[in-house]
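Position in the sequence shown (first residue = 1) + 2 = the numbering used here. Built from N, CA and C at the ideal position, the CB exists for glycine as well. Model, not experiment: these values are computed from the prediction. The structure appears right after this line, and notes come after that.
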Amino acid sequence: MLAMSAPIDWPALFQAAERARQAAHAPYSKFKVGAAILTQSGAVVPGTNVENASYGLTVCAERNAIGRMVVDGQRPRAVAIVVDSRTPTPPCGMCRQVLREFGDPAMEVRSRTVSGQEAKWTLGELLPFAFTANDL
Ligand code: THU
């Protein structure tokens, strides 16, 4: 029998990402990013970017959400990102690799601007030929 899973409530996921975005600590770039991970168990885990006066210590919204998800012992099913930009932005390369540590290549990643423009990818499209535990 095929395992059935509930449809993904993208509006709710984007709403959580937008709420997280508003909490961003981005005084240097002023580029606030919100992310929300829907976990395999159906929970929603938010993350936002946290910058630092020592700029290189900045942690992206997606990786902060992943860290929180790991604390909860969860795995990701889908990721939503919200940015205040002209176009929806994909996760940066470092975040793609960290997402791939936990998510499979078929996992959907959607990004939206605050004005509602949307883009979507699979993690496999964002990071083909990923380096994974299988390569060790
Ligand atoms: N940023 C994210 O939070 N996620 C991304 O995928 C791209 C970049 C943040 C990092 C930094 O605080 C700001 O956006 C500008 O790069």
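Go through its chain and collect everything with a Cβ distance to residue i's Cβ below 7 angstroms, but skip five positions before and after it.
{"i": "MET71", "result": "ILE39, THR41, VAL47, PRO78"}
{"i": "ASN54", "result": "THR60"}
{"i": "TYR30", "result": "GLU53, TYR57"}
Would residue i be called buried (16 or more neighbouring beta carbons within 10 Å of its own) or exposed?
{"i": "PRO92", "result": "buried"}
{"i": "GLN76", "result": "buried"}
{"i": "ASN66", "result": "buried"}
{"i": "GLY95", "result": "exposed"}
In the structure shown, what three-state DSSP assignment does residue i receive?
{"i": "PRO13", "result": "helix"}
{"i": "LEU101", "result": "helix"}
{"i": "ARG79", "result": "strand"}
{"i": "GLY44", "result": "coil"}
{"i": "ARG70", "result": "helix"}
{"i": "ARG88", "result": "coil"}
{"i": "ALA121", "result": "strand"}
{"i": "ALA18", "result": "helix"}
{"i": "GLU110", "result": "strand"}
{"i": "ALA63", "result": "helix"}
{"i": "ALA55", "result": "coil"}
Is the beta carbon of residue j closer than 8 angstroms to that of residue i?
{"i": "GLU64", "j": "ILE83", "result": "yes"}
{"i": "VAL111", "j": "LEU128", "result": "yes"}
{"i": "ALA37", "j": "ALA25", "result": "no"}
{"i": "PRO90", "j": "THR115", "result": "yes"}
{"i": "ASP86", "j": "LYS122", "result": "no"}
{"i": "ALA22", "j": "GLY49", "result": "yes"}
Can a CB atom of chain B be found closer than 8 angstroms to the CB of residue i?
{"i": "PRO107", "result": "Absent here is chain B; the protein component of the structure consists of one chain."}
Skipping 5 residues on each side, what residues in its chain have a beta carbon closer than 8 angstroms to that of residue i?
{"i": "ASP74", "result": "THR41, ALA45, VAL47"}
If you draw a straight line from the alpha carbon of residue i to that of residue j, how long is it in whole angstroms?
{"i": "HIS27", "j": "ASN51", "result": "6 angstroms"}
{"i": "LEU101", "j": "ILE68", "result": "7 angstroms"}
{"i": "PRO107", "j": "PHE16", "result": "21 angstroms"}
{"i": "PHE131", "j": "ARG98", "result": "12 angstroms"}
{"i": "MET109", "j": "ASN136", "result": "18 angstroms"}
{"i": "SER113", "j": "LYS32", "result": "18 angstroms"}
{"i": "ILE10", "j": "GLU120", "result": "16 angstroms"}
{"i": "TRP12", "j": "GLY126", "result": "20 angstroms"}
{"i": "ALA80", "j": "GLY105", "result": "8 angstroms"}
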